[in-house]
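Going down the list, the sequences are from chains A and B. Following my numbering, the numbering of the first sequence begins with 1247 at its first residue and continues without gaps. Following my numbering, the numbering of the second sequence begins with 14 at its first residue and continues without gaps.
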Amino acid sequence: MISNLFETLAWLPRPPAEFKQRLGEAMAFDAPGPALRALATHALDAANLRRLSAAVAQLAARGISLAPLAPFRLGVLGNGTLDLIVPALVGSALRHGVALECVTVPYGLYPREILDPQSAINRAGCDAVLLALDARALPLQAADASPAQALDMIDSFRDNLRRHGGTTCIVQTLASFPEALFGSADRRIAGAPRHLVDAFNRDLVARLEGSPDILFDVAGLAETVGLARWHCPAQWNVAKLPFADACVPLYADHVGRLLGAMRGKSRRCLVLDLDNTVWGGVIGDDGLEGIEIAEGHAVGEAFRAVQRLALDLRGRGIVLAVSSKNDDAVARRAFRDHPEMLLRENHLAVFQANWNDKASNIKAIAEELSLGLDSFVFLDDNPVERGIVRQILPEVAVPELPDDPAYYARTLAAAGYFESLAFSEEDRRRADFYQRNAERVALKQSAGDLGAYYASLGMEIHFAPFDAVGRARIVQLINKSNQFNLTTRRYSEAEVAALEEDREAFTLQVRLTDVFGDNGMISVVICRTAGSGTWVIDTWLMSCRVLGRSVEQMVLRELVLAARRRGIDRLVGRYIPSGRNAMVADHYAALGFSRDGDAWVLDVASPEPAPTMKIVRSPAFDGPLEGLPLEARPLENQATAA
Amino acid sequence: MLNSDSVYERLNRIFRDVLDDDAIVLRAETTAADVEGWDSMANVQLMLGVEQEFGVHLSAGQMQALHNVGDLVTAIVRRAA
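Now the structure itself:
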């Protein structure tokens, strides 16, 4: 849901149904750290965060290292009940590369613990202490209260913890309460609640200047969520929960980001997909003029916001790269020639536009930049690409994206991958340091087993002949597809309608579904009978969105089986270069056709490709076969499972 | 209108989740004393779970008036009606 993008941690994938079981399995690993981190990298609720926290405690008790996660001992002190928060902190810290151990004190005892040099917290050797205090803990209630008094109190806490415990403090700004006293004037009238909190927050930031202590902007977080959602009077009264339980996972994730940043685990490079991520549309099909990126255009502005955020991140030292399934020259043209583009080639360190899988490309980018994979964030609108990268390169952070591109930039920013404790001149120049000016790097090898990943997608391919229902989409694909299009022949709606009845033609409309949903019609084929026993493949096109998923092999299989049923001996295909379809130059060779002059020929007696997904065939194929002798008819409508 | 069988089923799930004990089976007469781990903090988590699951809010006064699981089920059914 877009309205609670933050509380639901919408940039993280939902946890697997078998979360508990997978956690149990991970606990038995010799080095469970990476598996725990992968499990933590889901949008977890309180119960699952608690399970992770219990697992971390158990592994620690057994002396098992969570390397490469960085150990961290955090004291947690607060004026509210922390019992719900502490397990969430431990579970969420895993997500940020930190194996967290928390030191807590009994409810209400935190001032004594801070001031007593021999207290448990001061002797625990904490790497940091989180001062989880809200306005209720500080002398800010009285009408004559001054922020100075409250700030002096915080200063004294920090001072004591540094002197007695030798530790850094994480200090929170205060979230205002939604209950106003005067109304709008609360911000103006000295002593009004909001005026006090504003003054406190401003002066707190000033007092932290030059100190090693760290600021945690809870005020900003609460405002982002909404103060009315953040503060829950009923939960405070019943259980002294300092803020609503629904916000605990978000709060804990933010603490995790700070701890990760303290341990140098923040991300440093953003890899961008292009089509439908950085601009609207598919440049290879829609052309330079067809992509949506214009200011003043509702769709275009959504993508401009992504570009602007990427540029702003670059300005603070985040390295940018591109990984896109595209023709290199076609994709670069947008960066060079499109007047509305904000991103240009000189903003990008590496530019990988090719037809290889993205995991291999990201690995190549990482090697070229000498950055660890755990420094990378990969932004892509396509859930299949996201899934591949998550599966093969689990170290790479891959945000989920909502359906509406208007929320892409917000979701990426909400994920907080680039948390930083400070900003220096060096940071400002870092992106330039890594700059290789949109260089393209060579792939060394495939990054992993894609077959297993695709098998897990539960793909189902549906074949049907052309019909009136599919006609509009067929016409659209025939007239729009440029890249995976062997002949680039364009046909009008009337011509396509005529093919539906043409006994001399064999047509296919192909749909693909998978666990992410229905990809819609993704391929179109037209064969025409030429002489006896020959089908000429007049048209073969496919959406690049399903590239690499062996759809073309399954289409060939279907053609071969249909040809045999109808007494056809051979398929003849042609590749007609259009200037935009270089990606399919080797299409027929790759499918086992033999060269014959300018054509490619396949004997349909040669074995058809084995099914790699579930195949569903429309009964409509039987219709035009009525005139054929019995033995030429299909024996059954086979549906083969992968 | 919720039926109380389905409420028990959903409550069992919440209790099992919070207390991490898949053997819990709630009855009308079940009280905190009968279930291991049902302390005051667990009680807070259970009540939060109930609010989330059923979309009902019980005030502190209403919570205090609950003596056993049967009372809780009655309160849920009444509030959700």
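Virtual Cβ for every residue (Gly too), placed ideally from N, Cα, C. Quick caveat, the model's predicted, so the values are computed rather than measured.
Within the stretch 1325 to 1350 of chain A, 1327, 1329 and 1330 place their CB atoms closer than 9 Å to a CB of chain B, listed in sequence order. As DSSP reads the structure, residue 1416 of chain A sits in a beta bridge with A:1376 and A:1460.
Excluding its 5 nearest sequence neighbours in each direction, residue 1488 of chain A has C-beta neighbours in its own chain below 6 Å: 1326 and 1380, listed in chain order. Residue 37 of chain B carries a coil assignment under DSSP once its states are collapsed to helix, strand and coil. With a cut-off of 8 Å on Cβ pairs, the stretch 1751 to 1764 of chain A is in contact with the stretch 1702 to 1713 of chain A, counting three or more such pairs.
The C-alpha of residue 1256 of chain A is placed about 31 Å away from the C-alpha of residue 1426 of chain A. For residue 1485 of chain A, the chain B residues whose C-beta falls within less than 7 Å of its own C-beta are 57, listed in chain order. Three or more beta-carbon pairs separated by less than 8 Å link the stretch 1840 to 1853 of chain A to the stretch 1805 to 1819 of chain A, which places the two stretches in contact. Residue pairing for residue 1525 of chain A: DSSP places it in a beta bridge opposite A:1521. In the structure shown, the three-state DSSP call for residue 1252 of chain A is coil.
Judged by DSSP in its simplified three-state form, residue 1516 of chain A adopts strand. For residue 1288 of chain A, the closest C-alpha among the options A:1260, A:1294, A:1266 and A:1276 is that of A:1260. Just measuring C-alpha positions, the residue of A:1744, A:1273, A:1780 and A:1435 sitting nearest residue 1849 of chain A is A:1780. Note that the C-beta distance between residue 86 of chain B and residue 20 of chain B is below 8 Å. Along the stretch 1815 to 1878 of chain A, the beta strand (DSSP E) occurs as fully enclosed runs of 3 or more residues at 1816 to 1820, 1840 to 1842, 1845 to 1849 and 1860 to 1863, listed in sequence order.
For chain A, the residues of the stretch 20 to 48 of chain B that bring a beta carbon within less than 8 Å of one of its beta carbons are 30, 31 and 33, in chain order. By the neighbour-count definition (other C-beta atoms within 10 Å, threshold 16), residue 1501 of chain A is a buried residue. Given a length threshold of 3 residues, each whole run of the beta strand (DSSP E) inside the stretch 1560 to 1647 of chain A is given here in chain order: 1565 to 1571, 1596 to 1600 and 1622 to 1625. Cβ contact annotation for residue 1599 of chain A (same chain, cutoff 6 Å, sequence separation greater than five): 1570, 1572, 1574 and 1577, in chain order.
Taken atom to atom, the span from the alpha-carbon of residue 1281 of chain A to that of residue 35 of chain B is near 24 Å. The beta carbons of residue 1523 of chain A and residue 1627 of chain A sit about 5 Å from each other, so the pair counts as a contact at 8 Å.
For residue 81 of chain B, there is no enclosing alpha helix (DSSP H), as DSSP gives it neither H nor E. Here the alpha carbon of residue 1335 of chain A sits roughly 35 Å from the alpha carbon of residue 83 of chain B. Counting only the Cα atoms, residue 1659 of chain A lies some 23 Å from residue 1491 of chain A. Annotated as distal: residue 1305 of chain A and residue 1333 of chain A, with beta-carbon spacing of 8 Å or more.
For residue 1293 of chain A, the nearest beta carbon of chain B is closer than 8 Å to its own beta carbon. By the beta-carbon neighbour count (other beta carbons within 10 angstroms, threshold 16), residue 80 of chain B is exposed. Beta-bridge partners of residue 1767 of chain A (DSSP): A:1757.
Contact of residue 1272 of chain A with chain B is not assigned, every C-beta pair being separated by 8 Å or more.
The CB of residue 1491 of chain A comes closer than 7 Å to the CB of 61 in chain B, given here in chain order. Taking a cut-off of 8 Å for Cβ pairs, the stretch 1460 to 1477 of chain A and the stretch 1296 to 1316 of chain A do not touch, as fewer than three such pairs fall below it. Under the DSSP assignment, residue 1400 of chain A falls in the alpha helix (DSSP H) whose first and last residues are 1393 to 1411. Looking at the backbone, the Cα of residue 1822 of chain A and that of residue 1725 of chain A are separated by about 16 Å. The C-beta of residue 1286 of chain A comes no closer than 8 Å to any C-beta of chain B.
Counting along the chain, residue 1479 of chain A sits inside the alpha helix (DSSP H) bounded by residues 1479 to 1485.
Sequence-distant partners of residue 1638 of chain A (beyond 5 residues in either direction) whose C-beta falls short of 6 Å from its own C-beta, in its chain, are 1605, 1693 and 1694.
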